[in-house]
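Let me begin by presenting the structure, written as C-alpha cells, before commenting on it.
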Amino acid sequence: MDEKLMGDLDKDFIEDVKKFTEDGDLLNSIAQIFKTLSDPTRLKILYVLSKKDLCVSDISELLSMSQSSISHQLALLRHQQLIKVNRVGRMAIYSLDDDHVLSIFNQGKTHAEHKKSKND
Numbered sequence: 001m002d003e004k005l006m007g008d009l010d011k012d013f014i015e016d017v018k019k020f021t022e023d024g025d026l027l028n029s030i031a032q033i034f035k036t037l038s039d040p041t042r043l044k045i046l047y048v049l050s051k052k053d054l055c056v057s058d059i060s061e062l063l064s065m066s067q068s069s070i071s072h073q074l075a076l077l078r079h080q081q082l083i084k085v086n087r088v089g090r091m092a093i094y095s096l097d098d099d100h101v102l103s104i105f106n107q108g109k110t111h112a113e114h115k116k117s118k119n120d
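If you read the sequence shown in UniProt numbering, its first letter stands for residue 1, the second for the next number, and so on.
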C-alpha cells in the first residue's frame, strides 16, 4: 500500500479493512446471501414470511405459484440459512431464520422505496 495515501488513516482502521478484505470465507458468505436475495420470487417469499410463518401450500396460494416452484425457492433460502423450517406433525412451517434476515430485508425494502419515491 502507498504510504503517502495511508499516512492520514488510523492504524486500527487500516487493520480492520485488511482483516475484512482478506477474509475470503466471510466475503463469499456475504456475496452468497446477496446473490440469493437478488431473485424477486425469493424476495416475495421473504416478505410473506416476514409477516407470518407459513407452510408451502399457503405461500403458493398467496403468491399464485406452484408448490414445486415455491419448494425450490424455499430450498435455496434454507441452504443460505435465511429461513428455517419447523415440523408440526406432517406439516412443515417456514419462517425467517432470525432477526438479522428481517433487518436485511427491511433495510433493502426501505432503501428501494426511498429511491423509488425520489424518482417519482
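All C-beta atoms in this analysis are idealised placements derived from N, C-alpha and C, irrespective of residue type, glycine included.
Beta-carbon to beta-carbon, L96 and L49 are separated by about 5 Å, close enough to satisfy the 8 Å threshold.
Here Q32 is exposed: its Cβ has fewer than 16 other Cβ atoms, across all protein chains shown, within 10 Å. Contact check for L63 and F105: beta-carbon distance about 16 Å, past the 8 Å limit, so the pair fails to qualify.
Below 8 Å, enough C-beta pairs join the segment 25-42 and the segment 74-85 to call them touching: three or more. Secondary structure of L9 (DSSP, three-state): coil.
Across the structure, I59 and D16 are spaced so that their CA atoms are roughly 42 Å apart.
Per DSSP, the continuous alpha helix (DSSP H) segment holding S69 begins and ends at 67-79.
Residue range 83-88 is occupied by the beta strand (DSSP E) that includes K84.
With a cutoff of 7 Å on beta-carbon distance, I93 and C55 are scored as near each other. Closest by C-alpha distance to N86, out of L27, D53, S71, K19, is D53. In the structure shown, S29 falls within a helical segment according to DSSP collapsed to helix, strand and coil. In terms of Cβ geometry, T41 and Q67 do not form a close pair [threshold 7 Å].
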